[in-house]
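To start, the structure itself, in structure tokens.
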Amino acid sequence: MSRLDSFIRRLSAQRDILNEIRDQVAALPGDILELGLGNGRTFDHLRELFPDRRVIAFDRMARSFQASTPDPSNMVVGEIRDTILDFMGGNAALVHADIGTGHDDLDAITLTWLPDSVAGALAPGGFAVSGLPLEHPKLVALPGLDSVPSGRYFHYRRI
Ligand code: SAM
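Heads up: the sequence shown is residues 517 to 675, going by our numbering.
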């Protein structure tokens, strides 16, 4: 598969999963955390899906498309491994993490802390959506969508 095809599949998977769980997330109180603001595409989609909800974005720096840049009060700058500590025991209804690199060695380092961070930030019953698989006793994998190839993108519910 070409990198273009892989990129398209990743973005389609993000959109399809987020759209699929929208009503269930909307039924929960709590913030929405976007780990990896990047260009701001998924941040913009989250704002559209959850217009009345606080969406807080995290990244090493804010360099998103201008119209997809959060207010400073909703932008957390720094290494997520450190900055998310302020959100532990949190109330998040949804955490979306798009911080995979495609490099197994780098992603393996991320996976030493990301599952604990996501589980710790979510309220019980909250949802996690991630480009990297999150193995954690409090995160129960949800059935894949027909439109999402196995192993392409993952979603979970916190118990
Ligand atoms: N979903 C985004 C979008 O739609 O535009 C794209 C996210 S991009 C693939 C990943 C982003 O995560 C990059 O901007 C990168 O700087 C950030 N990132 C990755 N790992 C990080 C970490 N450990 N701490 C802070 N930011 C991180």
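We treat Cβ as the ideally placed atom computed from N, Cα and C, and that holds for glycine.
N- and C-terminal bounds of the alpha helix (DSSP H) containing residue i
i	result
Asp560	557-565
Pro588	No alpha helix (DSSP H) contains Pro588, which DSSP labels as neither H nor E.
Leu622	620-626
Backbone secondary structure at residue i - three-state DSSP
i	result
Asp575	strand
Phe523	helix
Val611	strand
Ile548	strand
Val634	helix
Ala543	coil
Phe603	helix
Ser646	strand
Leu553	coil
Segment limits, beta strand (DSSP E) that includes residue i
i	result
His671	670-674
Leu655	655-657
Closest Cα partner of residue i within the set the options
i	options	result
Tyr669	Asn590, Ser528, Pro640, Leu520	Ser528
Val571	Gly594, Gly546, Gln582	Gly546
Any chain D beta carbon closer than 8 Å to residue i
i	result
Ala657	Chain labels in this structure do not include chain D; a single protein chain is all it has.
Give me the pocket residues for the ligand SAM, defined as CB within less than 5 Å of any heavy atom, sorted by chain position.
That query returns the following residues: Gly552, Gly554, Asn555, Arg557, Thr558, Asp575, Arg576, Glu595, Ile596, Asp614, Ile615.
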